[in-house]
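**Student:**
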Amino acid sequence: MAAITRTLHGVPRTSVRLMSTGATKRTALYDLHAKHGARFGPFAGWAMPLVYSDQGALDSHLHTRKHASIFDVSHMLQTRIVGADRHRFLEHLVVADLKELPVGGSTLSLFTNDKGGIEDDTIITQQQDSLYVVSNAGCADKDFAHLNKHAKIFQDQGADVEVRKIEDHSLIALQGPSAQKALEQLAGIDLAQMAFMTGQTVDIAGVPCHVARSGYTGEDGFELSIPTGEVVGITARLLENPEVKLAGLGARDSLRLEAGLCLYGSDIDATTTPMEANLVWTIGKRRRAEGGFIGADVILPQLAAKGGERRRIGLIVEGAPARAHAKVLSADGEEIGEITSGVPSPSLGKNVAMAYVRKGFNKRGTPLKVQVRNRIQEATVVKMPFVAANYHKI
Numbered sequence: 006m007a008a009i010t011r012t013l014h015g016v017p018r019t020s021v022r023l024m025s026t027g028a029t030k031r032t033a034l035y036d037l038h039a040k041h042g043a044r045f046g047p048f049a050g051w052a053m054p055l056v057y058s059d060q061g062a063l064d065s066h067l068h069t070r071k072h073a074s075i076f077d078v079s080h081m082l083q084t085r086i087v088g089a090d091r092h093r094f095l096e097h098l099v100v101a102d103l104k105e106l107p108v109g110g111s112t113l114s115l116f117t118n119d120k121g122g123i124e125d126d127t128i129i130t131q132q133q134d135s136l137y138v139v140s141n142a143g144c145a146d147k148d149f150a151h152l153n154k155h156a157k158i159f160q161d162q163g164a165d166v167e168v169r170k171i172e173d174h175s176l177i178a179l180q181g182p183s184a185q186k187a188l189e190q191l192a193g194i195d196l197a198q199m200a201f202m203t204g205q206t207v208d209i210a211g212v213p214c215h216v217a218r219s220g221y222t223g224e225d226g227f228e229l230s231i232p233t234g235e236v237v238g239i240t241a242r243l244l245e246n247p248e249v250k251l252a253g254l255g256a257r258d259s260l261r262l263e264a265g266l267c268l269y270g271s272d273i274d275a276t277t278t279p280m281e282a283n284l285v286w287t288i289g290k291r292r293r294a295e296g297g298f299i300g301a302d303v304i305l306p307q308l309a310a311k312g313g314e315r316r317r318i319g320l321i322v323e324g325a326p327a328r329a330h331a332k333v334l335s336a337d338g339e340e341i342g343e344i345t346s347g348v349p350s351p352s353l354g355k356n357v358a359m360a361y362v363r364k365g366f367n368k369r370g371t372p373l374k375v376q377v378r379n380r381i382q383e384a385t386v387v388k389m390p391f392v393a394a395n396y397h398k399i
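Residues in the sequence shown are numbered consecutively from 6, following our numbering.
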């Protein structure tokens with residue numbers, strides 16, 4: 006994996022990691038991206054747009070905060086879990102309380118391993134007769150194999166469960182304050198009563214699509230699972246709205262970091278526990294009492310004891326931006342941790358970063374130092390998100 010090291014039109018060296026796994030695949034929107042002047046880079050085996058000719062990552066970031074942008078996220082894994090035992094099956098693999106999730110409700114959850122680490126983060130939506138699961142592109146092969154491995158074990162024990170990969174639908178994210186109005190124009194319905202972290206079937210330009218009110222930017226927005234044969238037409242229709250533009254991975258990374266959202270492989274990985282990552286809120290109340298998920302024998306005692314040796318924190322960094330792997334030091338100069346993601350914040354005009362530090366140095370307001378190349382720079386622990394969330398409220 007190699008981090009972007011060139012300037013993306015005003016946002017120097019974002020923390021997105023470009024990953025090549027051999028032959029590069031293309032989403033159904035590739036030609037549309039190219040038509041709009043996209044500059045592509047390989048990510049998880051896919052050719053994905055980084056920036057566009059009409060605006061660079063900085064302008065695209067600010068446009069998303071003010072208006073709305075479309076992100077092609079068709080490289081992500083979409084699966085559907087069906088069968089009478091689907092809840093018991095998936096609750097063995099993730100920390101969420103899925104049995105109590107209402108139909109149409111969505112939740113962020115974590116796939117965990119037997120050492121208490123995070124194998125991936127995922128969004129799960131309760132549908133009438135299935136569980137709809139969206140996982141990260143960089144973990145797609147691993148996650149699908151993991152799901153099928155454990156489904157086979159359950160099936161061998163007589164369980165009624167099946168994992169189905171959704172291969173005939175593409176996925177786009179429409180994000181920003183103007184997203185609702187733009188989508189309503191094509192849906193012909195009022196979406197004001199659709200709550201954040203819910204999903205439902207909506208006819209978009211006459212095409213049935215699964216629409217989830219969620220996203221990865223901290224803004225109001227929607228993720229649309231669209232029949233692949235229709236995705237180009239629907240995306241083009243959305244772009245007819247002057248407030249809607251295409252956006253690439255450069256802006257997506259700075260937006261999610263301002264929102265305090267983790268990037269798998271950078272801010273969380275198979276060695277990170279939910280306690281260390283400050284993601285214990287993803288563990289359902291019933292699941293904390295009952296356990297039953299992989300790694301519960303490690304995670305739940307650590308949660309009860311508020312254990313773990315490190316904590317994920319947010320930092321405001323003076324001077325040059327602090328990038329991944331930069332050392333974090335105490336005020337006395339002792340090495341206590343490491344930066345995992347960092348960018349200049351287009352919204353704040355300050356350098357923001359996520360890091361893991363030794364427990365005890367994670368209190369808000371704690372003065373720290375960061376080593377950027379050969380320079381020692383001042384930093385302060387701050388609350389995340391760095392930019393207040395603008396999620397839809399009813």
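Cβ atoms here follow ideal geometry from the backbone N, Cα and C, with glycine treated the same way.
Tell me the DSSP secondary structure of PRO390 in three-state form.
**Tutor:** Counting from one through the sequence shown, the residue named residue 390 turns up at place 385. In the structure shown, PRO390 adopts coil according to DSSP, grouped into three states.
**Student:** So what does DSSP say about THR69, is it helix, strand or coil?
**Tutor:** What you label residue 69 is simply residue 64 of the sequence shown in a count that begins at 1. In this structure, THR69 counts as helix in the three-state DSSP scheme.
**Student:** What residue from CYS267, GLY193, PRO232, ASP195 has the CA that sits closest to GLY223's CA?
**Tutor:** Along the sequence shown, one-based indexing puts residue 223 at 218. Comparing alpha-carbon positions, the option among CYS267, GLY193, PRO232, ASP195 lying closest to GLY223 turns out to be CYS267.
**Student:** State yes or no: is the C-beta of ARG363 within less than 9 Å of the C-beta of GLY347?
**Tutor:** Numbered from its first residue, the sequence shown carries residue 363 at position 358. Numbered from its first residue, the sequence shown carries residue 347 at position 342. With respect to the 9 Å criterion, ARG363 and GLY347 are not classified as neighbours on the basis of their beta carbons.
**Student:** Assign ASP5 to one of two classes, buried (16 or more other C-beta atoms within 10 Å of its C-beta) or exposed (fewer than that).
**Tutor:** Nothing can be reported for residue 5, as the shown portion of the chain is limited to 6 through 399.
**Student:** What is the DSSP secondary structure of ALA358, reduced to helix, strand or coil?
**Tutor:** As a first step, residue 358 must be located in the sequence shown, where it is residue number 353. Correct three-state label for ALA358: strand.
**Student:** Are there any heavy atoms of the ligand MG lying less than 8 Å away from the beta-carbon of LEU305, as far as the coordinates show?
**Tutor:** Looking at this structure, you won't find the ligand MG or any other ligand, since it has none at all.
**Student:** Hey, could you find the ends of the alpha helix (DSSP H) HIS330 is sitting in?
**Tutor:** For this step, residue 330 is matched to residue 325 along the sequence shown. Careful: HIS330 lies outside any alpha helix (DSSP H) and carries neither H nor E.
**Student:** I'd like to know whether the C-beta atoms of VAL138 and ARG85 end up nearer to each other than 9 Å.
**Tutor:** Position 133 of the sequence shown, counted from the first residue, corresponds to residue 138. Position 80 of the sequence shown, counted from the first residue, corresponds to residue 85. In contact: VAL138 and ARG85 (Cβ atoms closer than 9 Å).
**Student:** Among TRP51, GLN60, GLY46, whose alpha-carbon lies nearest the alpha-carbon of ALA33?
**Tutor:** Stepping through the sequence shown from its first residue, residue 33 is reached at position 28. Of the listed residues, the one whose Cα sits closest to ALA33 is TRP51.
**Student:** Kindly give me the distance between the Cβ atoms of SER140 and ASP125, rounded to whole angstroms, as I take these residues to be in contact under 8 Å.
**Tutor:** Within the sequence shown, residue 140 is the residue found at index 135, counting from 1. Within the sequence shown, residue 125 is the residue found at index 120, counting from 1. About 6 Å separates the two Cβ atoms, so the contact holds.
**Student:** What whole-angstrom Cβ distance do LEU108 and GLN131 have, given they're in contact under 8 Å?
**Tutor:** Position 103 of the sequence shown, counting from 1, holds the residue named residue 108. Position 126 of the sequence shown, counting from 1, holds the residue named residue 131. The sequence given here has Val at residue 108, not Leu. Confirmed, about 5 Å.
**Student:** Taking C-beta to C-beta, are ASP119 and GLY297 nearer than 9 Å?
**Tutor:** On the sequence shown, position 114 is the one that residue 119 refers to. On the sequence shown, position 292 is the one that residue 297 refers to. Taking 9 Å as the Cβ cut-off, ASP119 and GLY297 do not qualify as a contacting pair.
**Student:** Exposed or buried, which one is ALA358 when buried takes at least 16 other CB atoms within 10 Å?
**Tutor:** In the sequence shown, counting from the first residue as 1, residue 358 sits at position 353. So ALA358 counts as buried.
**Student:** Under 7 Å Cβ to Cβ from GLN180, same chain only, skipping five residues before and after it: list those, please.
**Tutor:** Within the sequence shown, numbered from 1, the residue matching residue 180 stands at position 175. Only THR69, ALA73, SER74, PHE76, GLY220, THR222, GLU224, GLY226 meet the Cβ criterion.
**Student:** Comparing alpha-carbon positions, which option in ALA252, THR276, ALA282, ILE123 lies nearest GLY265?
**Tutor:** Counting from one through the sequence shown, the residue named residue 265 turns up at place 260. It is ALA282 whose Cα lies nearest to the Cα of GLY265.
**Student:** For the putative contact between VAL100 and ILE399, defined by C-beta atoms under 8 Å, what is the C-beta separation to the nearest angstrom?
**Tutor:** Locating residue 100 in the sequence shown gives position 95, where the first residue counts as 1. Locating residue 399 in the sequence shown gives position 394, where the first residue counts as 1. No, VAL100 and ILE399 are not in contact; Cβ-Cβ is about 27 Å, not under 8 Å.
**Student:** Can you tell me where the beta strand (DSSP E) with LEU179 in it begins and where it stops?
**Tutor:** For the purposes of this step, residue 179 is taken as the residue at position 174 of the sequence shown. Its beta strand (DSSP E) spans residues 174 to 180.
**Student:** Assign LYS401 to one of two classes, buried (16 or more other C-beta atoms within 10 Å of its C-beta) or exposed (fewer than that).
**Tutor:** Nothing can be reported for residue 401: it is not among the residues displayed for the chain, which extend from 6 to 399.
**Student:** What's the C-alpha gap between GLU263 and ALA89?
**Tutor:** Reading the sequence shown from its first residue, position 258 is the one you call residue 263. Reading the sequence shown from its first residue, position 84 is the one you call residue 89. Between the C-alpha atoms of GLU263 and ALA89 there is a straight-line separation of about 40 Å.
**Student:** How about THR127 and ASP148: are their beta carbons less than 9 Å apart?
**Tutor:** Here residue 127 corresponds to residue number 122 of the sequence shown, with the count starting at 1. Here residue 148 corresponds to residue number 143 of the sequence shown, with the count starting at 1. Going by C-beta atoms, THR127 is nearer than 9 Å to ASP148.
**Student:** With a threshold of 16 other CB atoms inside 10 Å of the CB of GLN198, please say whether the residue is buried or exposed.
**Tutor:** As a working mapping, residue 198 is identified with position 193 in the sequence shown. Per the 10 Å Cβ criterion, exposed.
**Student:** State the DSSP-derived secondary structure class of VAL78, mapped to helix, strand or coil.
**Tutor:** Walking along the sequence shown from the start, residue 78 turns up at place 73. If DSSP states are grouped into helix, strand and coil, VAL78 belongs with coil.
**Student:** Should LYS374 be labelled buried (16 or more other beta-carbon atoms within 10 Å of its own) or exposed?
**Tutor:** To locate residue 374, count along the sequence shown from 1; it is residue 369. It counts as buried.
**Student:** Which residues does DSSP pair with ASP208 in a beta bridge?
**Tutor:** Residue mapping note: residue 208 aligns to position 203 of the sequence shown, counting from 1. PRO213, per the DSSP bridge assignment.
**Student:** When you compare only the Cα positions, how much space is there between ILE321 and ARG257?
**Tutor:** Stepping through the sequence shown from its first residue, residue 321 is reached at position 316. Stepping through the sequence shown from its first residue, residue 257 is reached at position 252. When rounded, the distance between both Cα atoms is 20 Å.
**Student:** Relative to the C-alpha of GLY204, which residue among VAL212, SER230, ALA187, PRO182 is closest?
**Tutor:** Position 199 of the sequence shown holds residue 204. For GLY204, the nearest C-alpha among the options comes from SER230.
**Student:** Is it true that the region 379 to 398 meets the region 321 to 341, where meeting means three or more beta-carbon pairs spaced less than 8 Å apart?
**Tutor:** yes
**Student:** How close, in whole Å, do the beta carbons of THR112 and ILE129 come, if the pair is a contact with beta carbons under 8 Å?
**Tutor:** Against the sequence shown, residue 112 aligns to sequence position 107. Against the sequence shown, residue 129 aligns to sequence position 124. ILE129 and THR112 do touch by the CB rule: their CB atoms are close to 6 Å apart, below 8 Å.
**Student:** Name the residue from PHE366, ALA150, GLN185 whose alpha carbon lies nearest to the alpha carbon of VAL333.
**Tutor:** For the purposes of this step, residue 333 is taken as the residue at position 328 of the sequence shown. For VAL333, the nearest C-alpha among the options comes from PHE366.
**Student:** Would you say LEU115 and PRO279 are within 9 Å of each other, going by their C-beta atoms?
**Tutor:** Locating residue 115 in the sequence shown gives position 110, counting from the first residue. Locating residue 279 in the sequence shown gives position 274, counting from the first residue. Yes, these two residues count as a Cβ contact at 9 Å.
**Student:** Helix, strand or coil, according to DSSP, for THR278 in the structure here?
**Tutor:** Here residue 278 refers to the residue found at position 273 when the sequence shown is read from its first residue. Under the three-state reduction of DSSP output, THR278 falls in the coil class, being neither helix nor strand.
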